[in-house]
Amino acid sequence: MIKTERAYKEAVEKLKQDREFIESEKLSFKDMGLTQEQIDLAIQPYISFHEQLKEEVDYYERIKRGEFDTVINLRNIGRTLIAYRIYIGMSQAELTEKLGVAPSQVSRDERNEYYGATIERIRDVMEAMNMFSITKIEPKEVQSA
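In this note's numbering, the protein residues as written are 111 to 255.
Here it is in structure tokens:
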């Protein structure tokens, strides 16, 4: 993960160098008489590392723009919401009406098992279904100071 502006600039420069290196290797392999399939296979590791670095650069740029990933440590909340709706016999259409959103919104949320939904959306869905939950936070193991 890129954590500093200096590391970001170095990564951007490395991406440029990687692109040039990959193109150079492609030409070199072509001159050696390798087939396109062989060339693709030979450069795959370079492309893989390049793509990983590109993802890190993209993530850093999103952070700089103030675009943060949703952080929710509630692994199965989406499935639980859907299961509870089914359990109480509420249709998606009824949930849509109670939430005051477009039917496509509820359909999309359930298709994605509420992945990426905000805490507010999850709270609204729970309230619409008169659902109650208790969150208990416990350390995995106690660490002494």
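Beta carbons are placed, not taken as given, at the ideal position from N, Cα and C, and that holds for glycine.
L163 vs A121 beta-carbon contact at 7 Å: Numbered from its first residue, the sequence shown carries residue 163 at position 53. Numbered from its first residue, the sequence shown carries residue 121 at position 11. Closer than 7 Å, so yes.
Sequence-distant residues of its chain with Cβ nearer than 7 Å to D234 (five each side left out): In the sequence shown, residue 234 corresponds to position 124, counting from 1. Taken in chain order, the residues that qualify are L209.
Buried or exposed (CB count within 10 angstroms, at least 16 for buried), Y225: Locating residue 225 in the sequence shown gives position 115, where the first residue counts as 1. It counts as exposed.
Check whether T228 and V216 have beta carbons under 7 Å apart: Residue mapping note: residue 228 aligns to position 118 of the sequence shown, counting from 1. Residue mapping note: residue 216 aligns to position 106 of the sequence shown, counting from 1. Not closer than 7 Å, so no.
Check whether F139 and I149 have beta carbons under 7 Å apart: Within the sequence shown, numbered from 1, the residue matching residue 139 stands at position 29. Within the sequence shown, numbered from 1, the residue matching residue 149 stands at position 39. Yes. Within cutoff.
Under the three-state DSSP convention, the category G188 falls into: Within the sequence shown, the letter at position 78 stands for residue 188. If DSSP states are grouped into helix, strand and coil, G188 belongs with the helices.
Y259 burial status per 10 Å Cβ neighbour count (16 or more: buried): What is shown of the chain runs 111 to 255, which leaves residue 259 out entirely.
Residue of I157, S243, R172 minimising C-alpha distance to N186: Start at 1 with the first residue of the sequence shown, and residue 186 comes out as number 76. Of the listed residues, the one whose Cα sits closest to N186 is S243.
Separation of I153 from E251, as counted between CA atoms: Walking along the sequence shown from the start, residue 251 turns up at place 141. Walking along the sequence shown from the start, residue 153 turns up at place 43. If I take the Cα positions, the gap works out to 45 Å.
Buried versus exposed, by CB contacts within 10 Å (16 or more), S232: Position 122 of the sequence shown, counted from the start, is the residue given in the question as residue 232. First, the amino acid is wrong: residue 232 is Ile here, not Ser. Flag for I232 reads buried.
4-residue-minimum alpha helix (DSSP H) runs that sit fully inside the segment 115–155, ordered along the chain: 115–141
Cut-off 8 Å between Cβ atoms - residues of its own chain near V181, not counting five sequence neighbours on either side: Position 71 of the sequence shown, counted from the first residue, corresponds to residue 181. Confidence in V181 is poor, its pLDDT being 38 and thus under 50, which makes the residue's placement too unreliable to answer from.
Unbroken alpha helix (DSSP H) run spanning T228, endpoints: Indexing the sequence shown from 1 puts residue 228 at position 118. Counting along the chain, T228 falls outside any alpha helix (DSSP H), and DSSP gives it neither H nor E.
K124 versus A238 - alpha carbon distance: Walking along the sequence shown from the start, residue 124 turns up at place 14. Walking along the sequence shown from the start, residue 238 turns up at place 128. Looking at the two C-alpha atoms, the distance is approximately 50 Å.
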